[in-house]
Amino acid sequence: MESLDRLRDAILNGDADTARTLTEQALAAGVDPLTLVNQYMIPAMAETGRRFECNEFFVPELLIAARAMKAALSLVRPLLAASGVPPVARVVLGTVRGDLHDIGKNLVGAMLEGNGFEVIDLGVNVPPERFVETAREKGAKIVAMSALLTTTMPAMRTTIELLQASGLRPAVKVLVGGAPVTPRFASEIGADGYSDNAVGAVAEARRVLAA
Ligand code: B12
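What follows is the structure in structure tokens.
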């Protein structure tokens, strides 16, 4: 769809107004919200990352692309989350300490909400103690952590160790994800589940609860 290719380009070029308008038009025309996210928005961010790696883009370009992505996503998110099903379980979600990337985390949160989970989103740069305290206070069954930097991945291990030390494991299950996170890393740090996408995150949440 030509107009949707323009959505991808608008995000890539950091044109938030156009990204928002094209998203509005696509939704009004009945395009499936998940198709918009998976086929146009996420590929735009992937291309942004590729250009960054090739030194074609620098941090300012990343920032404005991320802003355009968020503008488009803000229209889609309520649609992904809309459902009348009672909460399956409470999930504490956040991006780990030292890490400010939140686009993937927000998508995971929206998909979990859309599938009946109650999500307590702690935002970005979340210290391990905060994940653990919130899980205890709110009686959460899952802690879900996102990391986009190799340097912040160790905070996932620290959080799991703290959950263990606080006596909350294994009743509180742990999901991890984010571009640099691998199934191997997830298993090494003792996480219960991992996915490289937001739809898989929901499947993993269901699986770990049933285990
Ligand atoms: C946008 C972006 C930014 C934006 C973030 C804006 C925001 N609000 O999020 C800004 C400009 C702020 C930024 C800053 C930086 N960034 Co940056 N950024 C990116 C970029 C281009 C895209 C990330 C993104 O949003 N992807 C789209 C989303 C949808 O994908 P995702 O996050 O992977 O999430 C999906 C899955 O991973 C999974 N998932 C995610 N979380 C979870 C959690 C659970 C529980 C589960 C199950 C699944 C799951 O589901 C999601 C949906 O499908 C990546 C490149 C890349 N290819 O990843 C670099 C990248 C992550 N950034 C990088 C770097 C280096 C930085 C900076 C250090 C740059 C600098 N010199 O200042 C800073 C760090 C700031 C900080 N302290 O966090 C590097 C990291 C390299 C590394 N080895 O660690 C990357 C890989 C770019 C690169 N190729 O070099 N960045």
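According to our numbering, the sequence shown holds residues 983 to 1193 in order.
The C-beta atom is built at its ideal place from N, Cα and C for all residues, glycine as well.
State the DSSP-derived secondary structure class of residue i, mapped to helix, strand or coil.
| i | result |
| --- | --- |
| residue 1127 | strand |
| residue 1075 | strand |
| residue 1057 | helix |
| residue 1159 | strand |
| residue 1175 | strand |
| residue 987 | helix |
| residue 1100 | strand |
| residue 1215 | For residue 1215 there is no data in the structure shown, the boundaries of the chain being 983 and 1193. |
| residue 1152 | coil |
| residue 1231 | The first residue shown for the chain is 983 and the last is 1193, placing residue 1231 beyond what the model contains. |
| residue 1218 | Outside the shown range of the chain (983 to 1193) lies residue 1218, about which nothing can therefore be said. |
| residue 999 | helix |
| residue 1113 | helix |
| residue 1038 | coil |
Short of 7 Å in beta carbon distance, which residues of its chain neighbour residue i, apart from the five on each side in sequence? Order them along the chain.
| i | result |
| --- | --- |
| residue 1001 | 989, 992, 993, 1050, 1053 and 1054 |
| residue 1081 | 1106, 1107, 1129, 1130, 1131 and 1134 |
Sorted by chain position, which residues of the same chain lie with C-beta nearer than 6 Å to residue i's C-beta, five sequence neighbours on each side aside?
| i | result |
| --- | --- |
| residue 1156 | 1125, 1142, 1173 and 1174 |
| residue 1144 | 1110 and 1114 |
| residue 1026 | 990, 993 and 994 |
Which residues in the same chain as residue i place their Cβ atom closer than 8 Å to its Cβ, once the five residues preceding and following it in sequence are excluded?
| i | result |
| --- | --- |
| residue 1043 | 996, 1030, 1033 and 1034 |
| residue 1112 | 1076 and 1104 |
| residue 986 | 1004, 1008, 1013, 1018, 1021 and 1022 |
| residue 1165 | 1176 |
Measure how close the beta-carbons of residue i and residue j come, nearest whole angstrom, since I'm counting them as under 8 Å.
| i | j | result |
| --- | --- | --- |
| residue 1105 | residue 1129 | Not really, about 14 Å apart at Cβ, beyond 8 Å. |
| residue 1101 | residue 1073 | 5 Å |
| residue 1123 | residue 1154 | 7 Å |
| residue 1118 | residue 1148 | 7 Å |
| residue 1058 | residue 1018 | 6 Å |
>> For the pair the segment 1087-1104 and the segment 1033-1046, tell me if three or more CB-CB distances fall below 8 Å.
In response: No, because fewer than three Cβ pairs between the segment 1087-1104 and the segment 1033-1046 fall closer than 8 Å, the two stretches do not touch.
>> Count Cβ pairs between the segment 1182-1190 and the segment 1091-1102 that sit closer than 8 Å; are there 3 or more?
In response: The segment 1182-1190 is in contact with the segment 1091-1102.
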